[in-house]
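Visitor:
Protein chains: 2
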Amino acid sequence: MDDDDETADRVTLAQVAENAGVSVSTVSKVLNGRQDVSPPTRLKIERLLAAHGYRRGARTPPDAPLIEIVFHELDAIWAMELILGVEKVATENGASVVLTQSGTRHAPGPEWIEGVLRRRPLGVILVFSALPAEFKRQLRSRSIPFVIIDPAGDPEPDVPSVGSANWSGGLAATRHLIELGHRRIGVITGPEDMMCSLARLDGFRSAMSTAGLTTTPGLVAHGDFHVEGGYVRALDMLRGPDRPTAVFAGSDLQAIGVLEAAATLGLRTPDDLSVVGYDDVAVAQWSRPALTTVHQPLRRMAEAGAEMLLRLRAGERTTTRIELATSLVVRKSTAPPPA
Amino acid sequence: MDDDDETADRVTLAQVAENAGVSVSTVSKVLNGRQDVSPPTRLKIERLLAAHGYRRGARTPPDAPLIEIVFHELDAIWAMELILGVEKVATENGASVVLTQSGTRHAPGPEWIEGVLRRRPLGVILVFSALPAEFKRQLRSRSIPFVIIDPAGDPEPDVPSVGSANWSGGLAATRHLIELGHRRIGVITGPEDMMCSLARLDGFRSAMSTAGLTTTPGLVAHGDFHVEGGYVRALDMLRGPDRPTAVFAGSDLQAIGVLEAAATLGLRTPDDLSVVGYDDVAVAQWSRPALTTVHQPLRRMAEAGAEMLLRLRAGERTTTRIELATSLVVRKSTAPPPA
Chain A
2 MDDDDETADR VTLAQVAENA GVSVSTVSKV LNGRQDVSPP TRLKIERLLA AHGYRRGART
62 PPDAPLIEIV FHELDAIWAM ELILGVEKVA TENGASVVLT QSGTRHAPGP EWIEGVLRRR
122 PLGVILVFSA LPAEFKRQLR SRSIPFVIID PAGDPEPDVP SVGSANWSGG LAATRHLIEL
182 GHRRIGVITG PEDMMCSLAR LDGFRSAMST AGLTTTPGLV AHGDFHVEGG YVRALDMLRG
242 PDRPTAVFAG SDLQAIGVLE AAATLGLRTP DDLSVVGYDD VAVAQWSRPA LTTVHQPLRR
302 MAEAGAEMLL RLRAGERTTT RIELATSLVV RKSTAPPPA
Chain B
2 MDDDDETADR VTLAQVAENA GVSVSTVSKV LNGRQDVSPP TRLKIERLLA AHGYRRGART
62 PPDAPLIEIV FHELDAIWAM ELILGVEKVA TENGASVVLT QSGTRHAPGP EWIEGVLRRR
122 PLGVILVFSA LPAEFKRQLR SRSIPFVIID PAGDPEPDVP SVGSANWSGG LAATRHLIEL
182 GHRRIGVITG PEDMMCSLAR LDGFRSAMST AGLTTTPGLV AHGDFHVEGG YVRALDMLRG
242 PDRPTAVFAG SDLQAIGVLE AAATLGLRTP DDLSVVGYDD VAVAQWSRPA LTTVHQPLRR
302 MAEAGAEMLL RLRAGERTTT RIELATSLVV RKSTAPPPA
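Sequence order for the protein chains is A and B. Per the numbering used here, the first sequence starts with residue 2, numbered consecutively. Per the numbering used here, the second sequence starts with residue 2, numbered consecutively.
1. Hey, serine 103 of chain B and histidine 73 of chain B: beta-carbon distance below 8 Å or not?
2. Less than 8 Å between CB atoms is the rule here; does glutamine 255 of chain A satisfy it with respect to chain E?
3. Which residues mark the beginning and the end of the beta strand (DSSP E) in which histidine 296 of chain B is found?
4. Note down, one range per segment and in chain order, each alpha helix (DSSP H) of at least 4 residues found wholly within the region 186-215 of chain B.
5. At 8 Å on the CB atoms, spell out the chain B contacts of leucine 100 of chain A, in chain order.
6. Using 8 Å for Cβ pairs, my map puts glycine 224 of chain B next to glycine 171 of chain B. What's the rounded Cβ distance?
7. Check for me: the beta strand (DSSP E) holding serine 26 of chain B runs from which residue to which?
8. Buried or exposed for proline 242 of chain A, going by 16 or more other Cβ atoms inside 10 Å?
9. Would you call threonine 215 of chain B buried or exposed, if buried means 16 or more other Cβ atoms sit within 10 Å of its Cβ?
10. Contact criterion: CB-CB distance below 8 Å. Does methionine 302 of chain B meet it with respect to chain A?
11. Applying the 10 Å Cβ sphere with the 16-neighbour rule, what's the burial state of leucine 67 of chain B?
12. Contact between the region 320-333 of chain B and the region 279-293 of chain B: three or more CB pairs below 8 Å?
13. Looking at the structure shown, is aspartate 6 of chain B part of a helix, part of a strand, or coil, going by DSSP?
14. Count the CB pairs spanning the region 226-234 of chain A and the region 202-211 of chain A that are closer than 8 Å, and state whether there are at least three.
15. For the alpha helix (DSSP H) that contains histidine 177 of chain A, what are its first and last residues?
16. How do the region 15-26 of chain B and the region 39-58 of chain B stand: do at least 3 beta-carbon pairs fall below 8 Å, yes or no?
17. Tell whether a beta-carbon distance below 8 Å holds between proline 338 of chain A and glycine 182 of chain A.
18. How would you write the range of the beta strand (DSSP E) that isoleucine 78 of chain B sits in, first residue to last?
19. Under 8 Å between C-beta atoms, does glycine 278 of chain B make it to chain A?
20. So with Cβ pairs under 8 Å, would you call valine 284 of chain A a contact of chain B?
21. Who are threonine 101 of chain A's beta bridge partners in DSSP?
22. Here's the rule: buried if 16 or more other CB atoms are within 10 angstroms of the residue's CB, otherwise exposed. What is alanine 315 of chain B?
23. Against chain B, with Cβ distances strictly below 8 Å, would alanine 315 of chain A count as a contact?
24. Can you confirm whether the region 136-149 of chain B touches the region 111-127 of chain B when touching is taken to mean that 3 or more C-beta pairs between the two stretches lie within less than 8 Å?
25. State the Cα-Cα distance for the pair arginine 244 of chain B and leucine 260 of chain B, rounded to the nearest angstrom.
26. Less than 7 Å between C-beta atoms, sequence neighbours within five positions excluded: which residues of the same chain meet that for proline 298 of chain A?
27. Please report whether the beta-carbon of glycine 224 of chain A lies at a distance below 8 Å from any beta-carbon of chain B.
28. From glutamate 308 of chain B to asparagine 94 of chain A, what does the alpha carbon distance come to, in whole angstroms?
29. Counting only Cβ-Cβ distances shorter than 9 Å, please list the residues of the region 181-206 of chain A near chain B, keeping chain order.
30. In three-state terms, what does DSSP make of serine 142 of chain B?
31. In angstroms, rounded to a whole number, what distance separates the CA positions of alanine 212 of chain A and isoleucine 179 of chain A?
32. CB aspartate 272 of chain B to CB histidine 296 of chain B, shorter than 8 Å?
33. Tell me, please, which residues DSSP counts as bridged to alanine 419 of chain B.
34. Which residues in chain A sit within 9 Å of arginine 35 of chain B, going by Cβ to Cβ distance?
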């Protein structure tokens, strides 16, 4: 690899090397994510880099610039929308997209960071909520910018991120049902440990209380954002003593599960039960009846994230958090309640 | 970039440079896809490389090995399955996946090849049928292996490829309907210029004629592999004088369109009309009724393609064409015809 460190950096690099009792070339190897440095030495050098507040000047982009996008769950139904948004901005800027899948819902695995340091991308787009502090330090000391695209709605305050208006989306979905005349409205939101689930649920609650309606505890449930969770929770709710006339399903897949549960019990949608989804992914249109849902502008969120990344790369200051608007899309799964 | 050309190669490289009247370094730039060589000079050098049958020895893989996957249509519903298959094999082999989208259905755009030459991936997986001869020569002269994953079913004889058994799939879908007792069976296959459409249609015809059934011309149509195409063609067919009791829909999305058309005309599925899809993508399970369909093992096809690529990279000889089996998945959209 060509060495294009700035002279100003070399001083610090030499200091770090001296303090660590290693050569400058060893420090350089660690900066580039090379594997031929023993883990204890690497750890010592990383700590010194952090202690010195070392920042390498942005490297001259390689001949074949890359933008990385990292998912915790690549087969999520909305993953492709995000890829398409990043791909568009990358192509417009002569870059290619590298895709990686990390192990867990909330943060990438430890092997991932080494690969990023070796690939030296223009920047990294992370599709999950949290980045370990250690990784942040490593990326910052190499001047590799990163942006979180955060459909889960739990941004870290010190990391640039793009999200969408989950609370407003929950509010709009519920208001739509109230305006149609529904009073007993159930809600199936996502997992309790995801902020977007809570924000959508709070939007639901605010719409209810603003309209002077009470939320029965039996009509509030947490699903898994998949079809099965929506199906199981809706069966419980629809078989319960206080059957709702409408359900805000928290995601399109959960809404499909609710439709399925209604059909199992011989209820017609929307005549006997209105259903609102969330996300507006392609299946929302294909479902029968086509889903009324909250549009989350995923592709546009990804584009905004990639653009933010390139601005950071160019050394511009940028807003820390962008939140794009959601909007209600009314299709065929909602109607006034049965008389 | 480090220069790891073999000595044996250098002789030819020098010959090419001499014949072209340029320096060896200019030839090297062209081999690496660098932009700082004028187009006429680049063209002259590419022609001489081809004329000499020049092949560079496989380059030492870079520190951060890449496998490229190129789609003509990244938002195809089955694209994510293919990405997941490639991603699995890449991760197992310490490589990352680069994703690009090419302009047209049948071949990548001209700017794409330059990027590949600069990125020097372990190999390239192409998800479309044809690669221009010029691109093949360029990849071969740099010893970058390539494999075509070819759901469209039109492999080039001289390119390693992975497909699936489209004809057998069409046969199995149609036999299933015949065994249920259907005699008037319609077929909506894909576009006429895609070999997989023709293979599935021929499988349909063979099943029909083997069973002694005739295929009415009005019951054979070409769609676009999307919901809308299935809907429009099915409406025609179901309103026609010779309404079928079953439709083999050629793709799951087209099958969803057929279900929609049936519902529009007040026909129940499967009571009044049986429908079989093709692909077995996730929506097949979510549709109501859940679709009987032909499973195309997309993820496994992508894994097989990536494994083939790594074998080629390692210098192994490998089969030119792998075709994986398809299998019928019976769900709820098929039943005996109405009495």
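From the three backbone atoms N, C-alpha and C, an ideal C-beta is built for every residue, glycine too. The model shown is predicted, which means the values in this text are computed figures rather than measured ones.
Guide: Working from what's here:
1. Cβ distance < 8 Å, so serine 103 of chain B and histidine 73 of chain B count as in contact.
2. Absent from the structure: chain E. Protein chains present are A and B.
3. Bounds of the beta strand (DSSP E) holding histidine 296 of chain B are 294-296.
4. DSSP runs (the alpha helix (DSSP H)) wholly in the region 186-215 of chain B: 196-211.
5. Ile84, Glu88, Ser97, Val98, Val99, Leu100, listed in chain order.
6. Contact check for glycine 224 of chain B and glycine 171 of chain B: beta-carbon distance about 14 Å, past the 8 Å limit, so the pair fails to qualify.
7. DSSP places serine 26 of chain B outside any beta strand (DSSP E); the residue lies instead in the alpha helix (DSSP H), whose first and last residues are 25-32.
8. Exposed is the call here.
9. The residue in question, threonine 215 of chain B, is exposed, as its Cβ has fewer than 16 Cβ neighbours within 10 Å.
10. Not closer than 8 Å to any Cβ of chain A, the Cβ of methionine 302 of chain B fails to qualify, so no.
11. When all chains shown are included, leucine 67 of chain B counts as buried.
12. Yes, they touch.
13. Because aspartate 6 of chain B carries a pLDDT of 45, less than 50, the predicted location of this residue cannot be relied on, and the following value inherits that uncertainty. Here aspartate 6 of chain B sits in coil by DSSP.
14. Not touching, per the Cβ criterion.
15. From DSSP, the alpha helix (DSSP H) with histidine 177 of chain A extends over 167-180.
16. Touching, per the Cβ criterion.
17. Less than 8 Å divides the Cβ of proline 338 of chain A from the Cβ of glycine 182 of chain A.
18. In the DSSP assignment, isoleucine 78 of chain B falls outside any beta strand (DSSP E), carrying neither H nor E.
19. Taking Cβ atoms only, chain A never reaches closer than 8 Å to glycine 278 of chain B, which makes this a no.
20. Yes, its Cβ sits closer than 8 Å to a Cβ of chain B.
21. Threonine 101 of chain A is bridged to A:Val71.
22. Answer is exposed; the Cβ neighbour count stays below 16.
23. For alanine 315 of chain A, the answer is no, since every Cβ of chain B falls outside 8 Å of its Cβ.
24. With the cut-off at 8 Å, the region 111-127 of chain B and the region 136-149 of chain B touch.
25. One Cα belongs to arginine 244 of chain B, the other to leucine 260 of chain B, and the distance between them is close to 15 Å.
26. So the qualifying residues of the chain are Ser165, Leu325.
27. Residue-level contact check: glycine 224 of chain A does not touch chain B, since none of the beta carbons of chain B fall below 8 Å from its beta carbon.
28. Near 31 Å, if we compare the C-alpha coordinates of asparagine 94 of chain A and glutamate 308 of chain B.
29. Those would be none; no residue qualifies.
30. Note: serine 142 of chain B maps to helix in three-state DSSP.
31. Annotation: alanine 212 of chain A to isoleucine 179 of chain A spans about 8 Å, alpha carbon to alpha carbon.
32. Taking 8 Å as the Cβ cut-off, aspartate 272 of chain B and histidine 296 of chain B do not qualify as a contacting pair.
33. There is no way to answer for residue 419 of chain B, as the model of chain B reaches only from 2 to 340.
34. Among the residues of chain A, those whose CB is under 9 Å from the CB of arginine 35 of chain B are Asp64, following chain order.
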